[in-house]
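Position 257 of the sequence shown, counted from 1, bears residue number 295 in my numbering, the numbering being contiguous throughout. Where is the CB? At the ideal position from N, CA and C, for every residue including glycine.
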Amino acid sequence: MINRDALFSDETDQYRIPMEVNPGDKVTVIFRTARDDADGVYLISKGNRLPMKKFQTNQNFDYYQLEMQVRKNPIRYFFEIRSGEERLFYNKRGVTEDLQRIYSFGIIPGFSTPDWAKGAVMYQIYVDRFCNGDPSNDVLTGEYSYIGEQVEKIEDWEQCPKEMDVRSFYGGDLQGILDKLDYLVELGVEVIYMNPIFVSPSNHKYDCQDYDYIDPHFTVIKKDGGELLPEGEPDNRKAERYIQRVVNRENLEASNEFFVHFVEEVHKRGIRILLDGVFNHCGSFNKWLDRERLYERSGDYEEGAYVSELSPYRDFFRFHNVHEWPYNEYYDGWWGHKTLPKLAYEASPELREYIMNIGRKWVSPPYSVDGWRLDVAADLGLTSEYNHDFWKEFRSSVKEANPDAVIYAEHYGDASAWLNGEEWDSVMNYDSFMEPITWFLTGMEKHSEYFREDLLNNEQALLDALKGNVWAFYGPSFLIAMNQLSNHDHSRFLTRTSHMEGRLGSRSSEDASVGISKAVFREAVALQMTWAGAPTLYYGDEAGVCGFTDPDNRRTYPWGHEDQELIEFHRELIRIHKKNPACRIGSGKIILALHGIIGLIRFTRDNQVLAVVNNNEEGQKVSIPVWLGEVPNGALMERLILSVEDGFTLERACYLVTDGMIEIFLPPLSAAILRNRRDTKKHGKVVERRKKKRITRGWLHDACNAWKHRNRSK
């Protein structure tokens, strides 16, 4: 019978050369079987069944290839494997009888993603909560009113967010990020993704007031002055200080000049920058609407659509009562929120072109940022047809301005309709990383709303989720997908490890740190740093920050009170990730799946890295078939890091690959990362150098070490 486990192909450049192709190119597709296992392998595409030629054999595998001419149209394909009377099919689901087109491998001529983003280590910063580098630009208590109450400056940096947090400001800014660049470089960060930084009245800034300018509260206030609101006063026409700060064009231009400096300094350190684009809706403070009447009497701005029916921005919004001007409150709000007016693109070609210009502006000199993350991107427009048409033009606009820019989108569920090479480059990877990993390791819903014991340690649910979602990606999208454990919309992963359900209101901030497991968190980080895609840290996770879902997840970075061991653990894992090409661009395969145990191997022709976690409360001896990751017999798998219940160690241990397997003992709640020591093997045999190194011949050594490690902590 055909060895099903050995069958493999994917869309990396190990199995498709080149991975990214243009019309007119030739591409070679490769398929793998066990050695001497198949009579024939065929590539099936549309109505064609094409025989593949065996071109290479090694001790474990035969490799088949087929060269194809690429034209303009996408190519979808899967494989047929024959041995005697036996016939199997292979697509993105693996060995399967389900040959639906959506599960086929795919080639999109002309679709590529920037090489710098493939496997890049990203760091998400919620700017107001990261570091206050310039107190002179802080939002002041009583500076203006937002959602019925005046804003508040929080004097205590360590104070946890309140249940209603949107109008509370801690003072984090771009100077604070510059001040901490050394820390980010030492951590290993390659990309900074910031939550929105354009002029906006909330601390989250998903309610944009002016897309043309960076908020002076995040940069520099060149000309300050004016009165604060009297206590209890809600009328923002009297918010003289705020109007001076964010309406005065002198301040706005100075803010953008500071941002140029910011980008230059970040780029000098070898770090790229992603901006958050919120184009589905804006804010009620926006100069186009001007519901707060901040711009009405400035003399420098056109009248807003709320103020006058004759506003040049009238068609930027959808009004339902055309007899209400001046000061027409009957406009569409996103999900009914009047503070978030939905932008009416279908009615205004001018609005569409304005946003296209914004997309181009910030990725072009003198700003030259490196890409966009698009908020609720699937919601933009009133129909799916318009939505897709808009994002196609947006992609063209951005890529023409900066071909090396990347476009991410926030999306839950099937994103395949947008990941076809014409719209988004990739997405925040909720469905193929955050959610399945969270369920498996914690049994918690990503907002900490509820716990499901049936999903905790359930390897079949994990595999089913991955098979059910990975098909939405083409290779170029998959290798850059944002793999997050936490972010500004969900509870902190460390809090999920306690299995405590709830959020602020039903729980206190202190509850978020009760019963947490750093060991489980380290397991998750080990997988994050070896999973296909771009590992994306949420600021402070690496320092031990806890928190329930929004707004508790938006706590300040604990400067001076960091969990230094967790930071060091992240630093070591990032170093491993960056040093091993397999973790960035390699093929990937889950080669071990047991109750609470997952083994993932990433591999290229010259580099193989194994991550294995044991999420059980008991130690486990396991045999791992590393041959499936193309590790040859006689090789040494060297352990690079081991995380256990009370910490982690960099103590090296080596495991001899025998009959394609290594045998390893996994302590309780542990994670290990191993790499093939290619310098210690020659022609499949361990060289004399192995005598100078400790080689673990089984699991007994590991079990003894784990026992000693646990008892030292008691």
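Which residue marks the beginning of the alpha helix (DSSP H) containing Asn437, and which one marks its end?
For the purposes of this step, residue 437 is taken as residue 399 along the sequence shown, with counting starting at 1. For clarity, residue 437 is Lys in the given sequence; the question names Asn instead. Membership of Lys437 in the alpha helix (DSSP H) is indicated by the continuous run Ser422 to Ala439.
Just grab the DSSP bridge partners of Ser293 for me.
On the sequence shown, residue 293 is found 255 positions in, with the first residue counted as 1. Listed as beta-bridge partners of Ser293 by DSSP are no residues whatsoever.
Kindly list the residues whose CB is nearer than 6 angstroms to the CB of Asp579, restricted to its own chain and excluding five residues on each side of it in sequence; keep chain order.
For the purposes of this step, residue 579 is identified with residue 541 of the sequence shown, where counting begins at 1. Here Asp579 has Ser524 as same chain residues with Cβ atoms under 6 angstroms from its own Cβ, once five neighbours each way along the sequence are excluded.
Candidates Asn671, Leu704 and Phe703: closest to Asp697 by CA position:
As a working note, residue 697 is residue 659 in the sequence shown. It is Asn671 whose Cα lies nearest to the Cα of Asp697.
I'd like the list of long-range same chain contacts for Gly540, defined as Cβ closer than 6 angstroms, with 5 residues on each side in sequence excluded.
Counted from its first residue, the sequence shown places residue 540 at position 502. Once the five neighbours on either side are set aside, Gly540 has no close Cβ partner at all.
What do you get for Phe93, buried or exposed, if any count of 16 or more other CB atoms within 10 angstroms of its CB means buried?
As a first step, residue 93 must be located in the sequence shown, where it is residue number 55. When all chains shown are included, Phe93 counts as exposed.
Sequence-distant residues of the same chain with beta carbon closer than 7 angstroms to Glu461, five excluded per side
On the sequence shown, position 423 is the one that residue 461 refers to. If the five residues before and after Glu461 are omitted, its C-beta is found closer than 7 angstroms to the C-beta atoms of His426, Trp429, Lys430 and Arg433, all from its own chain and listed in chain order.
In angstroms, rounded to a whole number, what distance separates the CA positions of Ile636 and Gln658?
Within the sequence shown, the letter at position 598 stands for residue 636. Within the sequence shown, the letter at position 620 stands for residue 658. Here the C-alpha atom of Ile636 lies approximately 12 angstroms from the C-alpha atom of Gln658.
Excluding the 5 residues flanking Ala439 on each side, which residues of the same chain have their C-beta closer than 6 angstroms to its C-beta?
For the purposes of this step, residue 439 is identified with residue 401 of the sequence shown, where counting begins at 1. The beta carbon of Ala439 is closer than 6 angstroms to those of Arg398, Val401 and Ser402 in its chain, skipping five residues each way along the sequence.
Cutoff 6 angstroms; reference Glu330; Cβ partners in own chain excluding five residues on either side
Residue mapping note: residue 330 aligns to position 292 of the sequence shown, counting from 1. Asn274 and Phe323.
In whole angstroms, give me the CA-to-CA distance for Leu786 and Tyr595.
Past the boundaries of the shown model lies residue 786; the chain is included only from 39 to 752, so the question cannot be answered.
Our contact map puts Tyr368 next to Asn359 with C-beta atoms below 8 angstroms; I'd like the distance itself, whole angstroms only.
Residue numbering aside, residue 368 sits at position 330 when the sequence shown is read from its first letter. Residue numbering aside, residue 359 sits at position 321 when the sequence shown is read from its first letter. The pair is a contact, with the Cβ atoms about 4 angstroms apart (cut-off 8 angstroms).
Residue(s) in a DSSP beta bridge with Trp410:
For the purposes of this step, residue 410 is taken as residue 372 along the sequence shown, with counting starting at 1. Secondary-structure assignment with DSSP links Trp410 through a beta bridge to Leu313 and Ile445.
Boundaries of the alpha helix (DSSP H) in which Tyr280 is found, first to last residue:
Here residue 280 corresponds to residue number 242 of the sequence shown, with the count starting at 1. From DSSP, the alpha helix (DSSP H) with Tyr280 extends over Glu278 to Val284.
With C-beta atoms as the reference, is Thr574 less than 9 angstroms away from His485?
Residue mapping note: residue 574 aligns to position 536 of the sequence shown, counting from 1. Residue mapping note: residue 485 aligns to position 447 of the sequence shown, counting from 1. Their beta carbons are not under 9 angstroms apart, which means Thr574 does not touch His485 by this criterion.
Cβ shell of Ile215 (< 6 angstroms), same chain only, five flanking positions each side left out:
Your numbering for residue 215 matches position 177 in the sequence shown. If we look at Ile215 and ignore the five residues flanking it on each side, it has no Cβ neighbours.
Indicate the three-state DSSP secondary structure (helix, strand or coil) for Glu302 in the structure shown.
Working through the sequence shown from its first residue, we reach residue 302 at position 264. Helix, per DSSP.
Sorted by chain position, which residues of the same chain lie with C-beta nearer than 7 angstroms to Pro199's C-beta, five sequence neighbours on each side aside?
Here residue 199 corresponds to residue number 161 of the sequence shown, with the count starting at 1. In the same chain as Pro199, and ignoring 5 residues on each side of it, the C-beta atoms closer than 7 angstroms to its own belong to Ser206, Pro589, Asp590, Arg592 and Arg593, in chain order.
Kindly list the residues whose CB is nearer than 7 angstroms to the CB of Glu362, restricted to its own chain and excluding five residues on each side of it in sequence; keep chain order.
Looking up residue 362 in the sequence shown gives position 324. Correct list, in chain order: Tyr368.
Using CA atoms only, rank isn't needed, just tell me which of Gly186, Ala499, Gln197 and Pro268 is closest to Trp597.
Position 559 of the sequence shown, counted from the start, is the residue given in the question as residue 597. Nearest C-alpha to Trp597: Gln197.
Bridge partners - Ile146, DSSP secondary structure assignment
In the sequence shown, the residue the question calls residue 146 occupies position 108. Beta-bridge annotation (DSSP): Ile146 is not paired with any residue.
Any idea which residues DSSP pairs Thr66 with across the strands?
As a position in the sequence shown, residue 66 is number 28, starting the count at 1. Partner(s): Ile55 and Glu105.
Same chain, Cβ closer than 6 angstroms to Leu493, neighbours up to 5 away in sequence not counted:
Numbered from its first residue, the sequence shown carries residue 493 at position 455. Hits under 6 angstroms: Trp477, Gly481 and Ala499.
Would you say Asn286 and Lys325 are within 9 angstroms of each other, going by their C-beta atoms?
The residue labelled residue 286 in the question sits at position 248 within the sequence shown. The residue labelled residue 325 in the question sits at position 287 within the sequence shown. Contact annotation: Asn286 and Lys325 have beta-carbon atoms that are not nearer than 9 angstroms.
Boundaries of the beta strand (DSSP E) in which Gln94 is found, first to last residue:
Counted from its first residue, the sequence shown places residue 94 at position 56. Start and end: Lys91 to Thr95.
If you follow the alpha helix (DSSP H) that Thr533 is in, where does it begin and where does it stop?
As a working note, residue 533 is residue 495 in the sequence shown. Looking at the DSSP string, the run of the alpha helix (DSSP H) that includes Thr533 is Phe531 to Arg534.
Stretch pair the segment 279-299 + the segment 248-268: three plus CB contacts closer than 8 angstroms
Per the Cβ contact rule, the segment 279-299 is in contact with the segment 248-268 (3 or more Cβ pairs under 8 angstroms).
Give me the Cβ distance between Phe127 and Phe116, rounded to the nearest whole Å; I'm assuming they're in contact under 8 angstroms.
By 1-based counting over the sequence shown, the position of residue 127 is 89. By 1-based counting over the sequence shown, the position of residue 116 is 78. Rounded, the Cβ-Cβ distance is 6 angstroms, consistent with contact.
Reference Tyr101; option with closest CA among Arg109, Pro387, Met90 and Gln107:
On the sequence shown, residue 101 is found 63 positions in, with the first residue counted as 1. It is Met90 whose Cα lies nearest to the Cα of Tyr101.
Are Leu327 and Tyr339 touching if we call contact CB-CB under 9 angstroms?
On the sequence shown, residue 327 is found 289 positions in, with the first residue counted as 1. On the sequence shown, residue 339 is found 301 positions in, with the first residue counted as 1. Leu327 places its beta carbon 9 angstroms or farther from that of Tyr339.
Quick one: residues in its chain with C-beta nearer than 8 angstroms to the C-beta of Arg715, no 5 flanking neighbours on either side, listed in chain order?
Taking the first residue of the sequence shown as 1, we reach residue 715 at position 677. Setting aside the 5 residues that flank it on each side, Arg715 is surrounded in the same chain by Ala673, Leu674, Met675, Glu676 and Cys692, each with a C-beta closer than 8 angstroms to its C-beta; the list follows chain order.
Asp250 - DSSP class collapsed to helix/strand/coil:
Mapped onto the sequence shown, residue 250 falls at position 212. Note: Asp250 maps to strand in three-state DSSP.
Reducing DSSP to helix, strand and coil, say where Asp579 ends up.
Within the sequence shown, residue 579 is the residue found at index 541, counting from 1. Asp579 falls in the helix class under three-state DSSP.
I'd like to confirm the pairing. Which residues does DSSP put opposite Thr687 in its beta bridges?
Taking the sequence shown and counting its residues from 1, the one referred to as residue 687 is at position 649. Residue pairing for Thr687: DSSP places it in a beta bridge opposite Leu680.
According to DSSP, is Asp153 helix, strand or coil?
Indexing the sequence shown from 1 puts residue 153 at position 115. Three-state DSSP puts Asp153 in a helix.
Between Asp176 and Lys191, how many whole angstroms is the CB-CB distance? I'm expecting something under 8 angstroms.
Along the sequence shown, one-based indexing puts residue 176 at 138. Along the sequence shown, one-based indexing puts residue 191 at 153. The pair is a contact, with the Cβ atoms about 6 angstroms apart (cut-off 8 angstroms).
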